[in-house]
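All residue numbers for the sequence shown refer to this note's numbering, where the first residue is 3 and numbers rise by one. Written below as structure tokens is the structure these notes are about.
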Amino acid sequence: MQLSKPWLKLLSVLGIFLIGCVSQPVSQSVPTPAWLYVQVPDSLLSLSDDFQACTPSRGGLALLSPLEPGTPQITLKWGEIQSSNSHAYEIGEEHLLFIVHPDNLIAQVRFEDIQKAYTGKLSSFNWQNLGGSNLPLTLTSYAPESEVTPLLLQLLGISEADLPRELVLVPSPQAMRTFIANTPGGLGILPSRWVDDSVRVLPLEGLNKPQTFPILALSTDEPQGHAYEWLSCLQNRLAELP
């Protein structure tokens with residue numbers, strides 16, 4: 003049976019009407035991730051995995067070095083601060099350890115001898131003067147602008163002016179670890195979470211002060227939202243770490 007032309011016209015009009023009534027997909031806007039900008043010194047970059055693990059899935063994390071331009075929402079610092087206009091929160095702690103090459107089998111060193119070494123008061127830079135074998139001593143530290151330097155000076159009870167000229171300066175904990183791992187007579191300093199099997203921790207005898215310093219989070223404003231969540235998560239993770 004064939005439809006007459008008027009029916010064809012009617013069906014065509016109905017088809018157009020029905021197509022126009024079909025609901026079109028509604029475009030949904032994707033929320034822009036909220037980025038958190040955090041300034042981190044080299045001494046705390048060993049916590050990078052923890053930083054990332056605490057980043058909210060709906061946000062992003064940008065780590066800035068102290069030398070990079072930009073205004074961070076949070077600044078992490080290792081060590082106490084004298085005064086600050088920022089909100090300061092202690093979120094954990096880190097230990098400052100002396101390290102040697104794995105082949106240096108000296109059992110321990112008196113703390114007062116470490117002080118003598120770092121003030122240039124040894125008769126010569128040789129491990130024999132520290133109770134070890136006949137091996138040249140290569141003394142290391144960090145550049146003056148490093149966050150670790152004032153902690154070392156505080157631990158030793160000395161000033162920067164007391165440091166000997168023979169001191170080898172390295173730029174970062176990673177560079178320190180690499181240098182000591184390749185220097186049989188080296189004596190260095192590391193934040194504890196940077197220590198691995200490439201170096202050995204040197205026990206100290208007669209040290210009657212803590213080698214532990216706080217990890218602080220500084221913020222101009224009281225942390226809210228992503229910043230608060232990130233700091234709370236990081237504080238909990240640091241409490242679980244050795």
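All C-beta atoms, glycine included, are put in the ideal place defined by N, C-alpha and C. Please read these numbers as outputs of a predicted model, since none were measured by experiment.
Alpha-carbon to alpha-carbon, residue j and residue i
| i | j | result |
| --- | --- | --- |
| Thr214 | Glu95 | 7 Å |
| Gly62 | Gln75 | 13 Å |
| Leu66 | Val197 | 23 Å |
| Ser29 | Ala64 | Its pLDDT being 47, under 50, Ser29 is placed unreliably by the model, and the measurement read from it follows with that caveat. So the alpha carbons of these two residues sit roughly 30 Å apart. |
| Gln54 | Ser48 | 12 Å |
| Leu139 | Trp129 | 6 Å |
| Ser200 | Pro225 | 38 Å |
| Arg195 | Gln84 | 25 Å |
| Glu168 | Phe127 | 9 Å |
| Asn210 | Asn238 | 29 Å |
| Ile116 | Leu157 | 11 Å |
| Phe181 | Pro212 | 26 Å |
| Tyr230 | Thr185 | 43 Å |
| Ala90 | Thr73 | 17 Å |
Check whether residue i and residue j have beta carbons under 9 Å apart
| i | j | result |
| --- | --- | --- |
| Arg112 | Glu207 | yes |
| Glu92 | Leu236 | no |
| Leu141 | Pro104 | no |
| Trp80 | Pro193 | yes |
| Gly190 | Met178 | yes |
| Ser161 | Leu153 | no |
| Val40 | Trp232 | yes |
| Thr222 | Asp164 | no |
| Leu220 | Ser88 | yes |
| Pro216 | Glu114 | no |
| Leu124 | Leu204 | no |
| Ser148 | Pro173 | yes |
| Leu132 | Ala119 | yes |
Helix, strand or coil at residue i [DSSP, three-state]
| i | result |
| --- | --- |
| Arg239 | helix |
| Val111 | strand |
| Leu165 | coil |
| Ser221 | strand |
| Thr180 | helix |
| Gln246 | This structure leaves residue 246 out entirely; the chain is present only between 3 and 244. |
| Gln226 | coil |
| Glu231 | helix |
Buried/exposed call for residue i, threshold 16 Cβ in 10 Å
| i | result |
| --- | --- |
| Gly159 | exposed |
| Asn106 | buried |
| Thr77 | buried |
| Ser45 | buried |
| Gly134 | buried |
| Ala241 | exposed |
| Ala145 | exposed |
| Thr57 | buried |
| Pro175 | buried |
| Ala109 | exposed |
| Leu243 | exposed |
| Ile101 | buried |
Proximity test, Cβ basis, 9 Å: residue i and chain D
| i | result |
| --- | --- |
| Ile108 | Going by chain labels, chain D is absent from the structure shown, which holds only one protein chain. |
Contiguous beta strand (DSSP E) assignments of at least 3 residues, all confined to the segment 182-218: If we require 3 residues or more, the beta strand (DSSP E) runs fully inside the segment 182-218 come out as 188-193.
Inside the segment 79-163 only - beta strand (DSSP E) runs reaching at least 3 residues: 89-102 and 140-144
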